[in-house]
Amino acid sequence: MLNIGEWLIRSVPQEVMDLRSQEYEKYFLGNQTGDETQARMAQRYNDYLQQQK
1003 MLNIGEWLIR
1013 SVPQEVMDLR
1023 SQEYEKYFLG
1033 NQTGDETQAR
1043 MAQRYNDYLQ
1053 QQK
């Protein structure tokens, strides 16, 4: 039986995982702030959802 964390990881499409990883990388390399990272992740996810319609 999956716990909630495993379910969330397994239920997220690879494309979404990739865009999150790209934004995390920019943050950890110091190329953007935490606020910028959060805003970009939200925008990219919303763009992804629009493409899926």
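In my numbering, each residue's number is its place in the sequence shown (first place is 1) plus 1002.
Glycine residues also receive a C-beta, built at the ideal position from the N, C-alpha and C atoms.
What you are looking at is a predicted structure, and each value in this text was computed from that prediction instead of being measured.
Asked                                                                           : Found
Helix, strand or coil at Q1016 according to DSSP, with G and I counted as helix : helix
Residues near Q1034 in its chain [Cβ-Cβ closer than 6 Å; skip 5 each side]      : K1028
Simplified DSSP state of T1039, which is helix, strand or coil                  : helix
Three-state secondary structure assigned by DSSP to L1031                       : coil
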